[in-house]
Every structure is written in structure tokens, then in C-alpha cells.
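With numbering that gives the first Met the number 0, the residue at position 181 of the sequence shown is 180, and numbering never jumps. Backbone N, C-alpha and C fix where the C-beta goes; we use that ideal spot for every residue, glycine too. Remember, predicted model here, so these are calculated numbers, not experimental data. The block underneath contains the structure these notes are about, expressed in C-alpha cells.
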Amino acid sequence: MRYYPTLPSQRSSREMIDAFGGYDHNLRIGEGEFYDMKNMTGDRYPVLSSRAARGVYATPSDPAGLIEKDSLCYVDGSDFVANGYRVDMGLSTAAEDRPKKLLSMGAYVIIMPDRKYINTMDITEHGSIDASFTTTEDTTFELCTADGDAYEGATVSADEPSAPDNMALWIDTSSVPHTLKKYSASSSAWVPIATTYIRISSPGIGKSFAANDGVKISGIVSENLQALNAYAVIWGRTDDSIIVVGMLDAVTMQLISEGAITVERKMPLVDHLTECGNRLWGCRYGVNHDGEVVNEIYASKLGDFKNWNCFMGISTDSYAASCGTDGQFTGAITHLGYPLFFKEDCVHKVYGSYPASFAIQQTACRGVQKGCDRSLAIVNEVLYYKSRHAVCAYDGSLPTEISAALGDAHYGDAVAGAYGNKYYISMRDGDGERSLFVFDTARGLWHKEDELAAEAFCSCRGRLYCISGGAILDLTGGGDERVPWMVESGEIGISSPDQKYVSRLTVRMMLGVGAHASFYVKYDFDEIWEPLFELDGTSLRSFSIPVRPRRCDHLKLRVEGEGDVRIYSITKTVTKGSELS
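In C-alpha cells, the structure reads:
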């Protein structure tokens, strides 16, 4: 009997991945993670699947902003659409004024930068936050009470009148400013009237304003009334008159030929806006209405978004404060009941419940990247946003980075939205290409969808909407599109020692009816994807696809297709080679 030499059998081992960790665009990634992907989701975690088909909620001619009220409301060109009703508000359609920033305050929606509002419970109530009136006829100034009753029969002199009657009036000109006094017979003394008022009368001057409005008055030429050319509070009004605090010796008239008088109520110029505590809050770094360079934070009057210059010394007053930090404001949002104002390298947090108690705390930290103010979104009480070099999570103390899985790419122009446990963010990379990423805050996983260029997001009644491509899309399903998808693995086998190689890959997956999948492999450091085989889904069942790569040091696997797909596991068989190969 003749014996021949035998070769020892090659020892093999199997490793199965049945929990998929999402997207990780780094050189070395973990088992179950993917270096690249398209339109995948972790909704069925640990199974990896294609995202839901998107639906189209509406196709307005020019969508420019979204907000949640009783239903989804949006801006369409110059119109505002609420509950299917269209209101022509004359909104700007200029490119520099979009997308619109829509804010909710009670039943009202404030539309910026147009500085307009609408009551969604009564859509006939809408207009501009600002108001202005310029006189076209003569204007009369008269000393009066807070109720508008004129003071009559007052003596004007530097010396007190002799033998006055009880309740007689005397305008004391011996000091500046002059003082109105009333005689009290019971005490035989002239009692100063602490606050005096002036009624300014001209046809139509009070129509655009309300009592307690803070306004700016200008154009008064009388030397004795120059103090009125300033900010003032309207204490009372009729259509043809307004009452403000002031002092006047005698009735005075300004002819229209001498110049027109302007009364205006203006919201300050703001870079960013938010609502908190029944007030609107804004910030400004730059030139204000008066041409002054400011670095300020503002708050409107309590419950009144129209008034920003009402200072009466009470708890409902407006508020303004300067900031000492340098640089432009890059975003604003209300988080856990506090207004937050971001710059790129810090955040300003406002404490307090009324103007006298307001205090601004500054924290040096990673702030919002310039141009990424729309990336601010709150998911489960945690605030997420795009900073210069990372996507950050802020719980009220200090921000932490959550975007290590996105790799070394630099992103900007970020727009984000919140839905359930997920944070959706659409960003532009250094090459100008946009990508939509989804962060599952509950599992800490990233997934990459497609090149969706979102202008605005809005979560409403359990669904997530966005403006993209001139339409309002429903990202949470309901569409009939065949979703194109792709997953690309990291380097498989590059970390195997002792001449081991991957001799077999088995992918267990399910393809929906009509779905399609193609398998590709890339060997070692080759740049060419070699096709392996294709597969069509004919029934809703799962099956295993064996992939037999040629012998190599390492490889990458790519699976792409269209339609519904679920990947349950990937099993690799690792075989030990000889000492020479």
C-alpha cells in the first residue's frame, strides 16, 4: 500500500453580526457599523432597514416657512395658510428674506423678518408689529390730566398767586422744569402735582396706537417741547389724540407748514428671535434703528409682542440690556424655560421673571456656528445644534459633542428638526453637497439618508414635515416612492492577524415584493467595485445570500438597491492561511 503526504485542513471560524450600529464615517469603525450609507434607518433596531417612503403634504407655489398650531401652518409666497385658509398678508418674497422665521405666542404667529403677525384663532386679525403716523394737519399741545381733561385757568408765574381759591392751579416757572401746583385751602399750601400730561391732538394721530404703547415722537419744532422728541408711553388715546407725560405752560400749536410730526411704534432690529414667558426675546449685534452700534438683548412687554419701548417701572415693562462679549449672535431658542442667545464661542442665558430681576449669565463654550441658527432643536429636553466643528448636545450645563461618527468632513448651513427620539439635520459639506443625517438620541446612533436640502422642519401632530424642492414633504411615511438605498461596510479583515482571510460572507436579509438588491465587493486597496450578483424580491420572506470573495488581505462589501429591505445579520467565515499566504 502506498501512502501519499496529506495537507492539514484549514481551520475556520465564524463571526456573526446581528445588531447594526449605524453610520460611522471614520477610518476604523466597529463591527456592525457602516462607512457609508443612503436612506437607511434604525427604526427596526437591531435590524437595519430602508427608511419609510416620504409623502407630499402640499405643493405651494413658494413655501417659505412652517409652524405647528392646531394644524400645520405655512407661508406660501406673500400669503399665510392656516387650516386650509389662505390670508394675503403682503409678505416679502425676496430671496434675502427667506426662509421665514415663524414664532408662536399664544394664538398668534409672528413672521420674521417681515415683522408681521396673525391670530390663528381669528385670521381676520393680522397686520404689522410696527405702526407709524405722520401728521398732515396742524397739531395742538395742551396740558391735561391722565384722563385727558384739560387744566384750565392756571396762573403762570414765578411768584405764587395771592389769595388763591381752593383747588386753584399755578404753573411755577421759578425752577426748571416748571411745576404744576394745586392750592389746598385745608393746609394753606401749594401742593405739587407729581406727574403732568400733554394731549397731542391732530386728525388720525391715535388710530394706529393703543393705550400704554411705547412710541417714539419726532418732528416737534417748539423749543419748549423739545423734550417730547423722544421715546414716550401713550397713557390714553382717541382716534385724534394721544396723551403722554410732559409739562407745558400754555396751549401750543404747530402748523403743518412748520413741519410734520411723526409718532411710531417700532420693534428693534433683531438678528434672532424666540418666545419665553409670554414675551418675545431678541438680540442684535450691529446698527439699530437710530444708527447706533449695539450689542444687546431685548424683551417685549409682557403679553404684548408689539411693544419693545414701554418703560413704566412696572413688572410688565419691556427690557433691554447690553452684552460684553464680542462677535455676532448666531442663534436664539428657549430651553427649559430660559431664553438662550448663542454666539460661536459662548451662550447667554437669561434668568428672572420680570425686568427688575432679569440677569444674563454668560458661559464660554462651543456655541452655534454662524449660518446654522436653524440647527437648534430640542429632543426630549436636550438641546441639539451645529457648532463650528461638531454637532453638540446641551442639557443646560455645558455642551457635549455627539458627531464623532460623521468623520472629518466639515459641514455648515445646517437646518434641523426634532421628531420623537430623533434629531434630523440637513447640512452642506465643503464641496457644496447636502446630506440629511438622523441621530437616534435614545440609542446614540447616526444614520444617513439622502441629499435632501431642507429649508425648514416642523413637527406637527405626530409627523415631521420639511420644505424641500418647492414642496412640503412628510418625512414620516405615507408616500409611494421606491426608496433607493445603499450600505457600504468598513474594511473587513484588515485587523485579522496570522494570515487569516475572509473566505465567505453570508448576508441574511429580506427584500419586499418588487424590491431589488445588487452586491459589490472591493478588494484590498483597489478602487473598483466588482459586481457579485443581483437579486429581486418576490415575496415577504427572509433568506441568506452567500458571498464568496476571492482570497485577499481585506475587502469592502457594498449592497445597494431599491424598495423595502431589512438586513438581519452578516456572518463572515474567517479561514487561517499558510505562513506564506
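Is the Cβ-Cβ distance between residue 99 and residue 111 less than 8 Å?
Along the sequence shown, read from residue 1 onward, the residue named residue 99 stands at position 100. Along the sequence shown, read from residue 1 onward, the residue named residue 111 stands at position 112. Closer than 8 Å, so yes.
Sort 483, 462, 236 by Cα distance to residue 474 and report the nearest one.
Residue 474 sits at position 475 when you count from the first residue of the sequence shown. Nearest C-alpha to residue 474: 462.
Is residue 402 buried or exposed, if buried means 16 or more other CB atoms sit within 10 Å of its CB?
Taking the sequence shown and counting its residues from 1, the one referred to as residue 402 is at position 403. So residue 402 ends up on the buried side.
For the segment 193–206 and the segment 134–153, state whether three or more C-beta atom pairs, one from each stretch, are separated by less than 8 Å.
Yes, the segment 193–206 is in contact with the segment 134–153.
Contact defined as beta carbons within less than 8 Å: I believe residue 63 pairs with residue 27. What is the distance between those atoms, to the nearest angstrom?
Taking the first residue of the sequence shown as 1, we reach residue 63 at position 64. Taking the first residue of the sequence shown as 1, we reach residue 27 at position 28. Their Cβ separation, rounded to whole angstroms, is 43 Å, which puts residue 63 and residue 27 out of contact at 8 Å.
Around the Cβ of residue 306, are there at least 16 other Cβ atoms within 10 angstroms (buried) or fewer (exposed)?
Taking the sequence shown and counting its residues from 1, the one referred to as residue 306 is at position 307. So residue 306 ends up on the buried side.
Does the distance from the C-beta atom of residue 404 to that of residue 44 stay below 8 Å?
The residue you call residue 404 lines up with position 405 of the sequence shown. The residue you call residue 44 lines up with position 45 of the sequence shown. No. Outside cutoff.
Quick one: does the C-beta of residue 23 sit closer than 7 Å to a heavy atom of the ligand NAP?
Absent from the structure shown: the ligand NAP. Ligands present: none.
In chain order, what residues of the same chain lie with their CB nearer than 6 Å to the CB of residue 585, ignoring the 5 residues before and after it?
Nothing in the structure corresponds to residue 585, since the chain is present only between 0 and 580.
Whole angstroms are fine: how far does the CA of residue 42 sit from the CA of residue 580?
As a working mapping, residue 580 is identified with position 581 in the sequence shown. As a working mapping, residue 42 is identified with position 43 in the sequence shown. Per-residue confidence for residue 580 stands at a pLDDT of 48, beneath the threshold of 50, marking its modelled position as unreliable; no derived number is given.
When DSSP labels each residue in this structure, what does residue 483 get in the three-state scheme?
Along the sequence shown, one-based indexing puts residue 483 at 484. Strand.
Which runs of the alpha helix (DSSP H), 4 residues or longer, sit entirely within the segment 188–255?
Listed in chain order, nothing qualifies, since the segment 188–255 has no complete alpha helix (DSSP H) run of 4 or more residues.
Could you tell me the alpha carbon to alpha carbon distance between residue 295 and residue 448, rounded to whole angstroms?
Position 296 of the sequence shown, counted from the first residue, corresponds to residue 295. Position 449 of the sequence shown, counted from the first residue, corresponds to residue 448. Spanning the two alpha carbons is a distance of roughly 39 Å.
Which whole runs of the beta strand (DSSP E) in the segment 511–563 are 3 residues long or more, in chain order?
For the segment 511–563, whole beta strand (DSSP E) runs of length 3 or above, ordered along the chain, are 515–522, 529–535, 541–546, 554–561.
If you reduce the DSSP assignment to three classes, tell me which class residue 174 lands in.
The residue you call residue 174 lines up with position 175 of the sequence shown. Looking at residue 174 - three-state DSSP - the assignment turns out to be coil, as it is neither helix nor strand.
My output table needs one value for residue 387: the three-state DSSP class, helix, strand or coil.
Start at 1 with the first residue of the sequence shown, and residue 387 comes out as number 388. Reduced to three states, the DSSP call for residue 387 is coil.
What residue range is occupied by the uninterrupted beta strand (DSSP E) comprising residue 360?
Counted from its first residue, the sequence shown places residue 360 at position 361. Run containing residue 360: 358–363, per the beta strand (DSSP E) assignment.
Restricting to Cα atoms, I'd like to know which of 246, 353, 558 is closest to residue 195.
For the purposes of this step, residue 195 is taken as the residue at position 196 of the sequence shown. Out of 246, 353, 558, 246 has the C-alpha closest to the C-alpha of residue 195.
On the criterion of 16 or more Cβ atoms from any shown chain inside 10 Å, does residue 313 qualify as buried, or is it exposed?
By 1-based counting over the sequence shown, the position of residue 313 is 314. It counts as exposed.
In or out: residue 563 buried (at least 16 other Cβ within 10 Å) or exposed?
Working through the sequence shown from its first residue, we reach residue 563 at position 564. That one is buried.
Return helix, strand or coil for residue 67, following the three-state DSSP convention.
Against the sequence shown, residue 67 aligns to sequence position 68. Residue 67: strand per DSSP, three-state reduction.
Nearest to residue 363 by CA position, among 387, 390, 389, 324, is which residue?
Stepping through the sequence shown from its first residue, residue 363 is reached at position 364. Closest by alpha carbon: 324.
At what residues does the beta strand (DSSP E) containing residue 157 begin and finish?
Walking along the sequence shown from the start, residue 157 turns up at place 158. Run containing residue 157: none; DSSP gives neither H nor E here.
Does the pairing of the segment 509–516 with the segment 531–538 give three or more beta-carbon distances under 8 Å?
Counting Cβ pairs under 8 Å, three or more are found: they touch.
Mind checking whether residue 566 and residue 482 have CB atoms under 8 Å apart?
As a first step, residue 566 must be located in the sequence shown, where it is residue number 567. As a first step, residue 482 must be located in the sequence shown, where it is residue number 483. Cβ distance not < 8 Å, so residue 566 and residue 482 don't count as in contact.
Mind reading off the beta-carbon distance from residue 216 to residue 262? Whole number of angstroms is fine, and I expect it under 8 Å.
To locate residue 216, count along the sequence shown from 1; it is residue 217. To locate residue 262, count along the sequence shown from 1; it is residue 263. At roughly 5 Å, the Cβ-Cβ gap stays under 8 Å, so residue 216 and residue 262 are in contact.
Any idea what DSSP makes of residue 374, helix, strand or coil?
Within the sequence shown, residue 374 is the residue found at index 375, counting from 1. Helix at residue 374.
Give the straight-line distance between the Cα atoms of residue 183 and residue 148, rounded to the nearest whole angstrom.
Mapped onto the sequence shown, residue 183 falls at position 184. Mapped onto the sequence shown, residue 148 falls at position 149. Near 20 Å, if we compare the C-alpha coordinates of residue 148 and residue 183.
Going by DSSP, what residue range makes up the beta strand (DSSP E) through residue 398?
Residue mapping note: residue 398 aligns to position 399 of the sequence shown, counting from 1. 398–400 is the span of the beta strand (DSSP E), which, as asked, contains residue 398.
Which value, in whole angstroms, describes the spacing of the CA atoms of residue 168 and residue 174?
Within the sequence shown, the letter at position 169 stands for residue 168. Within the sequence shown, the letter at position 175 stands for residue 174. Approximately 16 Å between the Cα atoms of the pair.
Beta-carbon separation of residue 468 and residue 25 under 8 Å?
Counting from 1 along the sequence shown, the entry for residue 468 is found at position 469. Counting from 1 along the sequence shown, the entry for residue 25 is found at position 26. Not closer than 8 Å, so no.
Cβ of residue 417 within 8 Å of Cβ of residue 390?
Locating residue 417 in the sequence shown gives position 418, counting from the first residue. Locating residue 390 in the sequence shown gives position 391, counting from the first residue. Taking 8 Å as the Cβ cut-off, residue 417 and residue 390 do not qualify as a contacting pair.
Taking all protein chains shown into account, decide if residue 601 is buried (16 or more other Cβ within 10 angstroms of its Cβ) or exposed.
Absent from the structure is residue 601, since the part of the chain shown begins at 0 and ends at 580.
Hey, how far is the Cα of residue 30 from the Cα of residue 74?
Reading the sequence shown from its first residue, position 31 is the one you call residue 30. Reading the sequence shown from its first residue, position 75 is the one you call residue 74. C-alpha separation (whole angstroms): 46 Å.
Threshold first: 3 residues or longer. Then list the beta strand (DSSP E) segments lying entirely within the segment 43–98, N to C.
Listed in chain order, the complete beta strand (DSSP E) runs (minimum 3 residues) inside the segment 43–98 are 47–49, 54–57, 62–67, 71–75, 78–81, 84–87.
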